[in-house]
Each structure stands twice: as structure tokens, then as C-alpha cells.
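Asks:
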Amino acid sequence: MTLIDRPTSAVPPPAPARQNRRSGEQGRAAAWFMAPNLLLIVVFLLVPLGLAFWIATQRYESLGDPVNIGMSNFVGLTTDPVFWESLRNTVVFTVATVPTGMALGLGIAILLNSVMPARAFFRSVIFLPLVISGVSVGMLGAWIFDQYDGFVNNVLAAFGVSGPSWQSNPGWAMTAVVLVTLWIRVGFDMIIYLAGLQAIDPQLYEAAQLDGAGAWKRFTAITWPMLRSSTFFLVVMNLIYSFQVFDTVFAMTSGGPNNATTMIVTYAYKVGFDEHGPGQLGYAAAVGVVIFAITMVFTLVLWRRNSAAED
Amino acid sequence: MTLSRRHFLSGSLGSAVLLGAAAACGSGDTGVGGGGGAATTGAAGSAAAPSAAVGGKVGGGPVTGNISFAFWGGSVAEQTGFEYAKKIFETENPGATVELKTSPYDGFYSGVDRSIQAGDAPDVFRVDYTTFGRYASRNVLLDLNPYYDQSEIDAFIPSFWQAISYNGGAYGVPHQTDTSAIIYDVAALEKAGVSSVPTTLETAWTWDEFADVMGKLRSSLPDNQFPFAYNWTQAGAYRWLSFLYQAGGSLLTPDLAAAAIPSDAGTKALDFTKSFFTEKWVPDTNTIQGTRYSDDFFLKQTTVMSSIGDFSIPAVADPAQGFKGEWGATFLPRDAGAASDLGGNAIAVYNKTEQADTAAAFAKLMGREDVMKYFCAQSMELPTLSSLAAGGIDFVYVPELMSVFTQQATTVSQSVVDATVTPAFNDINTTLQAQLETAFKGGDTASALEQMAAGVNSALGA
Chain E
831 MTLIDRPTSA VPPPAPARQN RRSGEQGRAA AWFMAPNLLL IVVFLLVPLG LAFWIATQRY
891 ESLGDPVNIG MSNFVGLTTD PVFWESLRNT VVFTVATVPT GMALGLGIAI LLNSVMPARA
951 FFRSVIFLPL VISGVSVGML GAWIFDQYDG FVNNVLAAFG VSGPSWQSNP GWAMTAVVLV
1011 TLWIRVGFDM IIYLAGLQAI DPQLYEAAQL DGAGAWKRFT AITWPMLRSS TFFLVVMNLI
1071 YSFQVFDTVF AMTSGGPNNA TTMIVTYAYK VGFDEHGPGQ LGYAAAVGVV IFAITMVFTL
1131 VLWRRNSAAE D
Chain G
7 MTLSRRHFLS GSLGSAVLLG AAAACGSGDT GVGGGGGAAT TGAAGSAAAP SAAVGGKVGG
67 GPVTGNISFA FWGGSVAEQT GFEYAKKIFE TENPGATVEL KTSPYDGFYS GVDRSIQAGD
127 APDVFRVDYT TFGRYASRNV LLDLNPYYDQ SEIDAFIPSF WQAISYNGGA YGVPHQTDTS
187 AIIYDVAALE KAGVSSVPTT LETAWTWDEF ADVMGKLRSS LPDNQFPFAY NWTQAGAYRW
247 LSFLYQAGGS LLTPDLAAAA IPSDAGTKAL DFTKSFFTEK WVPDTNTIQG TRYSDDFFLK
307 QTTVMSSIGD FSIPAVADPA QGFKGEWGAT FLPRDAGAAS DLGGNAIAVY NKTEQADTAA
367 AFAKLMGRED VMKYFCAQSM ELPTLSSLAA GGIDFVYVPE LMSVFTQQAT TVSQSVVDAT
427 VTPAFNDINT TLQAQLETAF KGGDTASALE QMAAGVNSAL GA
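Written out as C-alpha cells, the structure is:
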């Protein structure tokens, strides 16, 4: 008897008619359970997404009827210097915030995962900025980094140091925005990594220690590989967050000086919704479609790479 | 001041805005026609059709119905003025109620636009003159001509009635105006050796004298304190145009069809204002894309002089949160001439409101002499009725300083008014914001002026 000929189970399979009836009932029940979510996804995700694509093909001002102009908005973007500058700023901001925030979050998570006093207190303190509204944090940041009357420069002045031009110098303005963003995001990175660390079996570390592995070796051979899914999740979430940053930047610098901190979403807002802006909703939607396309490509590439690594 | 306000307003500058009306007539208290449900559509607001006849709906008894009035929450003083108008209206029209809907300035027009698109706009809403043309040209406002007879129209300073007029229709009530002047820290100027400050418009500092004062202040102040801040931040970019007009230039050609910025006056104005930054007369952050406004710089004593709108006076004069010390007001500098910006707001009625007569009556009440007088006194803003412009408002805060702003308002020329209320002004202001920011950060003057002109022409469709 070959393996193929051998019966796979001693239990006879259920009668086909009964099986079909049961799976049909399960399917209907599943559909009912999924219906509310599907409805929400269609109404609040897919329909607005489709509308955004449609609006991007219109000359659609804040008052008046839309006029179909095909791909003109997208063609306009290719020759719009502020759009390219905002795209460049967004990439710089993303590169500056995502790896740094994750590294800091991981370091703090490892520290707070160890035996140390008042762990819960420190975890709360670090996580707290995340639950404050972005606009409030931005306004706080504007005050902290005010170059004439701000907290940071006042402290530096007390030590006889002349503080940098946080608001009027393009490089320092971007630095201030990055620092405030890190302050917000590190708590999120920490909490995800902390959850990942607590899921690692301590016996792995004991075994490695018995085999003579040092702290760095234990980190590179156990901790980092075991945190792969946390890292993947954080990279995707942080990339999306950084690429779509708006509230903090808008409240803190309003995109200045001279567009040095204008991000792609703040630019979309400016052309679409700013009180005394051009009110070009179609053009703003085109910017939004570009943001969607970029984040989608990033996410798919990361997804494929992660899947390949797991296989 | 050596000149009385009445003498000044009636005796100077033929082109001045506040000189427009010879007669200070108009009680403005004529009732608005009753009867329900008329005049919600038709020719109202049409950019192409001629407007309805003037005065067709004047007269009649009290109105009834519930209406909403949307405005941005500028200050407690303005809120007080609007609540007073609501109280008067509801008292005089027992069957009518007004719901006051306050929202922050940021997002106000977006909200109005969305509600118009949805057909659910507030019955009455506030619109500033720089934005007014956009609404008037899009067929969304009710023509108020039928609610006014000629004598009532004549009661307004002509420039302001013109500001709400479009293609023969009157799409709002000119509610108030404001303009900019300079406030200063008395002690700081004395310390810098600035012994006198202009007290009449004729003796306002010339650009050279202004530069001299700036230089003295710069020398006497520490590095982290500055002589001046100008109120051109964000949407206030258009206030830069005051320098252009002072230099003898103009934003638009006389037919309002194209940009007139690239000129010797344009170059002079931009170079002069760029020097504010290179000479360290203003903080580096007093640019268009800054997040701090000129009154805030003054209140925090980052600057010892600031150009502000008169509506900011209540905040500066506030005993608890205001400026700590003695402060005064003087005029914007002048070059080839004096000039200032047209600020202020109109009250507009949505043309698809179901309560057109009631909404129109409320808007009209806001322009009535007693109601306007109370509002302006509270909010430190200037009236649009000739009778009140000639005097008689008891301003609540530092009334002696308001005469500076009142005189400064006479330098708002007709061409400034014409340019400000053009439907494309929003887009023009956007262009100014972008190019001025670049220029103030070291950009080339000629290139900035050319870019401004290109943006303005594009906005005008020229």
C-alpha cells in the first residue's frame, strides 16, 4: 500500500448534502457579521477614495460646479515647484523621523522591559504625548522653539549660549518639527516594541546566556529577529504617519519659512482649504491621490519584502 | 491731534474713502417689508442679470421667522456687538429669532462654502471685503437693493457701498471697516532718542524718517528685541500693498484688467520692505509664513513698534492681558503719498434662504446707525455710515488713539478699494503670500515682482 492509497482518516467524511447545508448557513451568518463593517468600509473608505480620484480630474473650486479637465491637475503638479519642494521636505521629514523614532522607541522599550523602579510611571509619561491632539502639540512646539521668547533658547541663554534660529532658518525649522514629532511618536514605538518584547520566551535568553552569548549577541540573535513583525508594523505605520503629517506642522510652522517645512499634506490643505487660498479642491485632490499612490507603493514593497523574509 | 475728526474728514484728500459722502443723512431705520417668502431667487446674485429695482421692498411692518447668523469669533468686543444687534432685532420683531453661530476664523469660509454647496448655508453671514468679491461673483448672495431706498444707500460712504456692489446688485451691507496704523512703546522710543512722533497725517514719517527712527531703535535695543513688526502675516500679505501705493505704484491697471506691479514704485517698495529684514528692523519670523502676528510681537515686547489693525486695540488695551506700559499710536509712513489697507467686513444674505425678508431685515439692521454705532464703539472698528464717520462714536478703549486710525482710513484710496473687492483678490493674495515670502527670505526683487505680476494676471484671466 502506498501512502496515497492509505485512508487519511478512520472517521468517515460527513454526507455531502449535510456539509453543504452547514457551510451555507455559516456563510450567511458570516455575511451578516461582516455586513456592518463592509458597509462602513464602502461608505467611509471606498466611496470617498473613488470620489477623490474623480475630483482630482475636475476643476473644482470651493464654490460652483466642477468641470472635467482630465489629467490637467496631475500635469500641473509636474511643473509646480512648491509641490516638488513639499515632496522633498516630506521625504526628508520621513527619513529623519521614522528610523530615529523607532530606534529610540526600541531602546526605551528594552529599558522599561527590564527590572527597574516606577516602570509603569515612565511608560505612561513617554506614551502621554501621543494622546494629546496634534494641534496642541504643534502650538506647544511653537512656544518651546520660539527663537526669541521660547523655552529652549531661554534655557540656552541662561547658560550663555545663543540659541539657533528655530523658526527663520530652514534647517533649524525642520529640526524643530522633527524633534517635536519624535516626542509624539516615540511613545507609540515604545508601546508596540514593549508588547513584542513581552511575547519573547525568556527561556530563549536563558539558553543563550548558558551558551555564553553576551548582551549584544542576545539582542542581534534573539530580540531583533523576534521583533520582526513589530518592526514591520511600525515601519508601515510610521511611514504613513510621516507622509501624511499635517496638524503638528501646520500649527507649529505653518509651512515656513519660505516653504522649508511645507509637507505634501499641508500643501494640499493650502491649495484646497486655506481661508485666503485659491480654493482649488480638484488640485488638492490630485495632491491627495499622489500621497495615496506613494504610501500604497511603499506599503506594498514593504509587504512583499516582509513576506519574502518570513518565507 | 490738532485737527478735529470732522474737520479732517470733510476737508482733506479728494480721493479719500471717508470723504465720499457729502451728506450725513439716513436714519437707516426704515422697516423692511413684511410678508413671507419673496425674493429668494430671481435676479438675486446673478452676475449677468441686472439687479432688482432699488427700494421695491422698503417699508412694511415687523418680520417673523427664525434665521441664523454666522460669524467668526474675533473678540469678546465683537461678540458683544452682535449680541446687541440680535437683542434689538428680536425686540423690534417679536416673531423673529436670530441664532448666532460663532466659529473660529480658521475654517470659517470653508464651512460656509461647504454649507452653500450642500444648500444649507446660514441665512446671514459675515464676509470680509477681500473675500466679498468671490461670493458676489458666484451667484450665492441675495441682492439687497430692493430692501434699500436711495436715501438709505446714500447714507453709506460711497466707497463701501461700492465694495458690496457687483454688476448693479448690492450683495451685502457694509458693516464696518478697519485699517492699519502703528502702535509704539513710549518708553522705548524715548530711550532711543526719538523725541517726537507724528500726530497728524500730514506730518507722518516719510520713508527716510521712518528708516532713521528704525536705525535709532535698532542701536538702542538688544539683539533679541526689534524696532518693528508689520501685519502682513499669512492672509494679511495684501497689506504689503500699502507700501506699493505709498511709493506711487498700484496693484492693478486703472481698468482693473491686469497687474501693474512691475514698476519703479514696485521695485522701491519691495526693496524697502526687504531691508526691514536685512537691517534687522523686524524679527526674522515677521514674514508671511510666520506663526506670530504683529500685535503679539508688541504684547510680548519682542518689538517696540507694530503695525496693527484697529480691531486689535481691545487686546492691546486689555488691563490684564494687554500691553504693560505706556503706549501710543501714529501713522504708517508715507513716500510719494500716504496709503493704507482696506479692512473690514460686510454682512451678506444667502440667496437660497427660506427667510429672505427676515434675513435681509437683520442684515439691514446691522447697518443701522444706532446698531453700527454700538458695534464700532465696542469693537474699536470704524463705521461705514457717513453720519458716524463724521464723529459721535464713544470708543470704549483708548478713544484718543482711535482718531489716528480714523485719519489713517482716509488714505485708503479708491484704487485700493477697487482692487481689494475684485473677485480674484483671494487668488491675488495667494500669489502675494508666496512671492513676498520668497523675497523676504533673500529672493531677487525683479523676479519676485515678475512672478507677482504673472500670478495676478493669471488670477484675473488676463
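Residue numbers (this note's numbering), protein chains in the order written: chain E, 831 to 1141; chain G, 7 to 468. Ideal Cβ positions, reconstructed from N, Cα and C, are used throughout, including at glycine.
For G:Ala-266 and G:Met-458, I'd like the C-alpha separation in whole angstroms.
Replies: Locating residue 266 of chain G in the second sequence gives position 260, where the first residue counts as 1. Locating residue 458 of chain G in the second sequence gives position 452, where the first residue counts as 1. For G:Ala-266 and G:Met-458, the distance between alpha carbons rounds to 10 Å.
Asks: Skipping 5 residues on each side, what residues in its chain have a beta carbon closer than 7 Å to that of G:Thr-291?
Replies: Residue mapping note: residue 291 of chain G aligns to position 285 of the second sequence, counting from 1. Contacts found: Arg-298.
Asks: Which runs of the beta strand (DSSP E) at least 3 residues long sit entirely within the stretch 256-341 of chain G? Give them in chain order.
Replies: 311-315, 333-336
Asks: Tell me whether G:Tyr-111 is buried or exposed, calling it buried when 16 or more other Cβ atoms sit within 10 Å of its Cβ.
Replies: Looking up residue 111 of chain G in the second sequence gives position 105. Counting Cβ neighbours within 10 Å, G:Tyr-111 comes out exposed, since fewer than 16 surround it.
Asks: Counting only the same chain and skipping the five closest in sequence on each side, list residues whose C-beta sits under 7 Å from that of G:Arg-340.
Replies: Within the second sequence, numbered from 1, the residue matching residue 340 of chain G stands at position 334. Closer than 7 Å at the Cβ level, and outside the excluded window around G:Arg-340, lie Ala-210, Thr-212, Gln-252.
Asks: Would you say E:Ala-972 faces chain G, with C-beta separation under 9 Å as the test?
Replies: In the first sequence, the residue the question calls residue 972 of chain E occupies position 142. Chain G contact via Cβ: present.
Asks: For a contact defined as C-beta to C-beta under 7 Å, what are the partners of G:Lys-306 on chain E?
Replies: Reading the second sequence from its first residue, position 300 is the one you call residue 306 of chain G. Asp-979, listed in chain order.
Asks: For E:Leu-1009, list the residues DSSP reports as bridge partners.
Replies: Position 179 of the first sequence, counted from the first residue, corresponds to residue 1009 of chain E. Under DSSP, E:Leu-1009 shares a beta bridge with no residue.
Asks: Closer than 7 Å, Cβ to Cβ, to anything on chain E: give me those residues from the stretch 153-172 of chain G, in chain order.
Replies: none
Asks: At which residues does the beta strand (DSSP E) containing G:Ser-186 begin and terminate?
Replies: If you number the second sequence from 1, residue 186 of chain G lands on position 180. Its beta strand (DSSP E) spans residues 186-191.
Asks: Among E:Ile-938, E:Tyr-1099, E:Met-932, whose alpha-carbon lies nearest the alpha-carbon of E:Val-1065?
Replies: The residue you call residue 1065 of chain E lines up with position 235 of the first sequence. E:Val-1065 has its Cα closest to that of E:Met-932, out of E:Ile-938, E:Tyr-1099, E:Met-932.
Asks: For chain E, check one thing: does any of its Cβ atoms lie closer than 9 Å to the Cβ of G:Thr-46?
Replies: Along the second sequence, one-based indexing puts residue 46 of chain G at 40. At G:Thr-46 the pLDDT is 29, less than 50, meaning the model places this residue with poor confidence; the figure from the coordinates comes in the next sentence. Taking 9 Å as the CB threshold, G:Thr-46 stays off the interface with chain E.
Asks: What is the rounded straight-line gap between the Cα of G:Gly-242 and the Cα of G:Ile-294?
Replies: As a working mapping, residue 242 of chain G is identified with position 236 in the second sequence. As a working mapping, residue 294 of chain G is identified with position 288 in the second sequence. Each residue's Cα considered, the two are about 8 Å apart.
Asks: Have a look at G:Asn-357, G:Ala-264, G:Leu-388 and flag the residue whose alpha-carbon is nearest the alpha-carbon of G:Ala-460.
Replies: As a first step, residue 460 of chain G is located in the second sequence; it is residue number 454 there, counting from the start. Closest by alpha carbon: G:Ala-264.
Asks: Beta carbon of G:Ala-91, beta carbon of G:Met-372: below 9 Å?
Replies: Here residue 91 of chain G refers to the residue found at position 85 of the second sequence. Here residue 372 of chain G refers to the residue found at position 366 of the second sequence. If you check the CB distance, G:Ala-91 and G:Met-372 come in under 9 Å.
Asks: Using 8 Å as the cut-off, can you tell me whether the stretch 1106-1116 of chain E makes contact with the stretch 430-446 of chain G, which would need three or more C-beta pairs spanning the two stretches below that distance?
Replies: Enough Cβ pairs lie closer than 8 Å, so yes.
Asks: Do we get a CB-CB distance below 9 Å when we pair E:Ser-916 with the residues of chain G?
Replies: To locate residue 916 of chain E, count along the first sequence from 1; it is residue 86. Answer no: the Cβ-Cβ gap between E:Ser-916 and chain G never drops below 9 Å.
Asks: Under the three-state reduction of DSSP, which class applies to G:Glu-375: helix, strand or coil?
Replies: Locating residue 375 of chain G in the second sequence gives position 369, counting from the first residue. Residue state for G:Glu-375 is assigned as helix, using DSSP reduced to three classes.
Asks: Indicate whether E:Thr-1096 and E:Val-1079 have their beta-carbon atoms separated by less than 9 Å.
Replies: Within the first sequence, residue 1096 of chain E is the residue found at index 266, counting from 1. Within the first sequence, residue 1079 of chain E is the residue found at index 249, counting from 1. Yes. Within cutoff.
Asks: Out of G:Leu-348, G:Asn-351, G:Ser-312, G:Leu-305, which has the shortest C-alpha to C-alpha gap to G:Lys-330?
Replies: For the purposes of this step, residue 330 of chain G is taken as residue 324 along the second sequence, with counting starting at 1. For G:Lys-330, the nearest C-alpha among the options comes from G:Leu-305.
Asks: E:Ala-882 and E:Gly-1118 - do their beta-carbons sit closer together than 9 Å?
Replies: One-based indexing of the first sequence puts residue 1118 of chain E at position 288. One-based indexing of the first sequence puts residue 882 of chain E at position 52. It is a contact, given that the beta carbons lie within the stated cut-off.
Asks: Count the C-beta pairs between the stretch 388-407 of chain G and the stretch 319-335 of chain G that are closer than 8 Å, then say yes if the count reaches three, no if not.
Replies: Yes: at least three Cβ pairs fall under 8 Å.
Asks: Does G:Ala-452 have its Cβ less than 9 Å from a Cβ in chain E?
Replies: As a first step, residue 452 of chain G is located in the second sequence; it is residue number 446 there, counting from the start. It does not; no Cβ of chain E falls within 9 Å.
Asks: Quick check: the Cα distance between E:Thr-927 and E:Thr-1011, rounded to an integer number of angstroms?
Replies: Counted from its first residue, the first sequence places residue 927 of chain E at position 97. Counted from its first residue, the first sequence places residue 1011 of chain E at position 181. C-alpha separation (whole angstroms): 7 Å.
Asks: Which residues in the same chain as G:Ala-235 place their Cβ atom closer than 6 Å to its Cβ, once the five residues preceding and following it in sequence are excluded?
Replies: Here residue 235 of chain G is taken as the residue at index 229 of the second sequence, counted from 1. Once the five neighbours on either side are set aside, the close Cβ partners of G:Ala-235 are Val-288, Asn-292, Ser-300, Phe-303, Thr-309, Ser-312.
Asks: Are there three or more Cβ pairs, one per stretch, closer than 8 Å when the stretch 216-233 of chain G is compared with the stretch 178-198 of chain G?
Replies: Judged by Cβ distances under 8 Å, the stretch 216-233 of chain G makes contact with the stretch 178-198 of chain G, as three or more pairs qualify.
Asks: Using 9 Å as the limit for Cβ to Cβ distance, is E:Gln-856 near chain G?
Replies: Residue mapping note: residue 856 of chain E aligns to position 26 of the first sequence, counting from 1. At a cut-off of 9 Å, the C-beta of E:Gln-856 has no neighbouring C-beta in chain G.
Asks: Any contact of the stretch 986-997 of chain E with the stretch 1042-1054 of chain E, i.e. 3+ C-beta pairs under 8 Å?
Replies: no
Asks: Return the first residue and the last residue of the alpha helix (DSSP H) that G:Thr-103 is part of.
Replies: Here residue 103 of chain G corresponds to residue number 97 of the second sequence, with the count starting at 1. G:Thr-103 -> not in any alpha helix (DSSP H); beta strand (DSSP E) instead, spanning 102-109.
Asks: How would you call G:Asp-261, buried or exposed, if buried means at least 16 neighbouring beta carbons within 10 angstroms?
Replies: Here residue 261 of chain G refers to the residue found at position 255 of the second sequence. Its Cβ having fewer than 16 others within 10 Å, G:Asp-261 is exposed.
Asks: Would you say E:Gly-1044 lies against chain G (beta-carbon separation less than 9 Å)?
Replies: Working through the first sequence from its first residue, we reach residue 1044 of chain E at position 214. With 9 Å as the cut-off, E:Gly-1044 does not count as an interface residue toward chain G.
Asks: With distances taken from CA atoms, which of G:Val-200, G:Thr-183, G:Phe-401 is nearest G:Tyr-190?
Replies: Here residue 190 of chain G refers to the residue found at position 184 of the second sequence. Out of G:Val-200, G:Thr-183, G:Phe-401, G:Val-200 has the C-alpha closest to the C-alpha of G:Tyr-190.
Asks: Could you tell me the boundaries of the alpha helix (DSSP H) in which E:Ile-956 lies?
Replies: Looking up residue 956 of chain E in the first sequence gives position 126. From DSSP, the alpha helix (DSSP H) with E:Ile-956 extends over 949-961.
Asks: Cutting at 6 Å between CB atoms, please list the residues of its own chain near G:Thr-6, excluding the five before and the five after it.
Replies: Examination of residue 6 of chain G is not possible in this model, given that chain G is present from 7 through 468 alone.
Asks: Residues in the same chain with beta-carbon distance under 7 Å from E:Ile-938, minus the five sequence neighbours each way, listed in chain order, please.
Replies: Here residue 938 of chain E refers to the residue found at position 108 of the first sequence. Hits under 7 Å: Ile-956, Val-1016, Met-1020.
Asks: Taking 9 Å as the threshold (C-beta atoms), are E:Leu-936 and E:Arg-953 in contact?
Replies: If you number the first sequence from 1, residue 953 of chain E lands on position 123. If you number the first sequence from 1, residue 936 of chain E lands on position 106. No, they are not a contact pair.
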